[in-house]
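One structure is given below, encoded as structure tokens.
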Amino acid sequence: AAPTVAYGRTGYFGIVTPENYEEARAVCFADHGPDRAEVTTEDLADDLVSLLSDPRGARREAQQIRTIIQERYGVDRMVDQIEGVYHRLSERPAPTTW
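Our numbering puts the sequence shown at residues 2 to 99.
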């Protein structure tokens, strides 16, 4: 997994971490939601230096985010949710008229 620096239509989010992942996701990684600060070369450079100064830590956090995404949005989770809907619908009485 690779570290993520999010920049979108509404501005600069910065480094996505396990701690701020939900906040980043809520604004589609700076593509939606309230306008964020515009990225400056200093902001981007600071974040890149931070990631490059601890590549193992950056990869570890990226792997944690990947695990979160796989657990919440992976194929297995989607299949379980869809099967749950089908199961609940199959337990309902059939309609008497169409």
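In this text, a Cβ means the ideal position worked out from N, Cα and C, and glycines have one as well.
None of the values given here were measured: they were computed from a predicted structure.
Asked                                                                                                                                                            : Found
When burial is assigned at 16 or more other CB atoms within 10 Å of the CB, is glutamate 62 buried or exposed?                                                   : buried
Residue range of the alpha helix (DSSP H) that alanine 31 falls in?                                                                                              : That residue, alanine 31, is in no alpha helix (DSSP H); it is neither H nor E in DSSP.
Find out if the Cβ-Cβ distance for the pair valine 40, glycine 34 is shorter than 8 Å.                                                                           : no
Pull up the DSSP beta-bridge partners for glycine 15, would you.                                                                                                 : Ala7
Short of 6 Å in beta carbon distance, which residues of its chain neighbour valine 17, apart from the five on each side in sequence? Order them along the chain. : Thr5, Ala7 and Ala25
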